[in-house]
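**Q** Residue numbers (the numbering used here): 1 to 190.
All residues carry an ideal CB built from backbone N, CA and C; glycine is no exception.
As the structure is a computational prediction, the values presented were derived from the model and not from experiment.
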Ligand SMILES: C[S@@+](CC[C@H](N)C(=O)[O-])C[C@H]1O[C@@H](n2cnc3c(N)ncnc32)[C@H](O)[C@@H]1O
């Protein structure tokens, strides 16, 4: 039920650009890819043929059940980004959209992502983040406690770019949207 409601809320956002952004997130990837926090699998149909395997994890089993309908051949696993059940250097790329705002210990999750990526492997994130404008960021700070309860864990004010840099990734591309409140972060494991 929650998964159905999520898709219903996401549908209009998809039509106004989020679906295109999810496709942009995965375009040009190749090899073995891990998607962290795949949810109901809205990014799964966009993976190009150059991707040889897709593994998708999420903590929400109901969402993963829905994700199964979106693409065949995906290895779906209930798992926490903060403790990924994979060997070191297992993946060529790790993808995640709208997840790091929800993760309780994002630094731990990013160190797990670093661990499972091959050296030189790519991290691609699509996130809504803390606004660069001080006024908007203050509004995000004020709204976050209530929004977090309403949404089931989402923080409006997370500075994901700084977390990625602090985790030791080499950022190769940053593309800000919506006045800096949304962004693509493409980075590599050194
Ligand atoms: C806003 S949804 C995004 C889902 C999907 N990536 C999308 O673009 O529609 C956030 C997802 O992150 C998952 N999530 C939150 N914390 C997580 C964690 N620690 N490990 C794995 N998944 C997590 C939630 O269960 C949820 O499916």
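Span of the alpha helix (DSSP H) holding residue 250?
**A** Beyond the ends of the chain as shown, which are 1 and 190, falls residue 250; an answer cannot be given.
**Q** On the DSSP letters alone, give me the boundaries of the alpha helix (DSSP H) that residue 61 sits inside.
**A** 61 to 67 is the span of the alpha helix (DSSP H), which, as asked, contains residue 61.
**Q** Measuring CA to CA, which of 42, 25, 98, 162 is closest to residue 8?
**A** Of 42, 25, 98, 162, the residue nearest in Cα terms is 42.
**Q** Taking one C-beta from the region 11 to 19 and one from the region 71 to 82 each time, how about it: are there three or more such pairs within less than 8 Å?
**A** Contact between the region 11 to 19 and the region 71 to 82 is absent, because fewer than three Cβ pairs lie under 8 Å.
**Q** Can you tell me whether residue 80 is helix, strand or coil according to DSSP?
**A** Correct three-state label for residue 80: coil.
**Q** Tell me, to the nearest whole angstrom, how far the beta carbon of residue 34 is from that of residue 116; I am working on the premise that it is less than 8 Å.
**A** Between residue 116 and residue 34 the Cβ distance is about 6 Å, and since that is below 8 Å, they are a contact.
**Q** Under a criterion of Cβ closer than 5 Å to any non-hydrogen atom of ligand 1, which residues qualify, in chain order?
**A** Having a Cβ closer than 5 Å to some heavy atom of ligand 1 are 37, 39, 42, 58, 59, 60, 63, 80, 81, 97, 98, 99, 102, 103.
**Q** Using the beta-carbon count (16 or more within 10 Å), is residue 162 buried or exposed?
**A** With fewer than 16 other Cβ atoms within 10 Å, it is exposed.
**Q** Taking the alpha carbon of residue 36 as the reference point, which residue from 170, 104, 63, 56 has its own alpha carbon closest?
**A** Answer by Cα proximity: 56.
**Q** Would you mind sorting residue 96 into buried or exposed? The rule is 16 or more other CB atoms within 10 Å of its CB.
**A** Burial call: buried.
**Q** Assuming residue 3 and residue 66 are in contact, meaning their beta carbons sit under 8 Å apart, how far apart are those beta carbons, in whole angstroms?
**A** With 8 Å as the limit, residue 3 and residue 66 qualify as a contact, their Cβ atoms being about 4 Å apart.
**Q** By how many angstroms is the C-alpha of residue 146 removed from the C-alpha of residue 156?
**A** Answer to the nearest angstrom: the Cα atoms are 10 Å apart.
**Q** Return the chain-ordered list of same chain residues with a C-beta closer than 7 Å to the C-beta of residue 46, the five sequence neighbours on each side being excluded.
**A** Counting only Cβ-Cβ distances below 7 Å, and skipping sequence neighbours, we find 22, 23, 26.
**Q** Would you report the Cα separation of residue 87 and residue 167, rounded to the nearest angstrom?
**A** Computed Cα separation, rounded: 19 Å.
**Q** Is the separation between the beta-carbon of residue 134 and that of residue 186 shorter than 9 Å?
**A** Taking 9 Å as the Cβ cut-off, residue 134 and residue 186 do not qualify as a contacting pair.
**Q** Confirm the yes/no value for this check: CB of residue 58, any heavy atom of ligand 2, distance under 8 Å.
**A** Absence of ligand 2 from the depicted structure is noted, with ligand 1 being the only ligands included.
**Q** Let me know the secondary structure DSSP gives residue 7 once reduced to three states.
**A** Note: residue 7 maps to helix in three-state DSSP.
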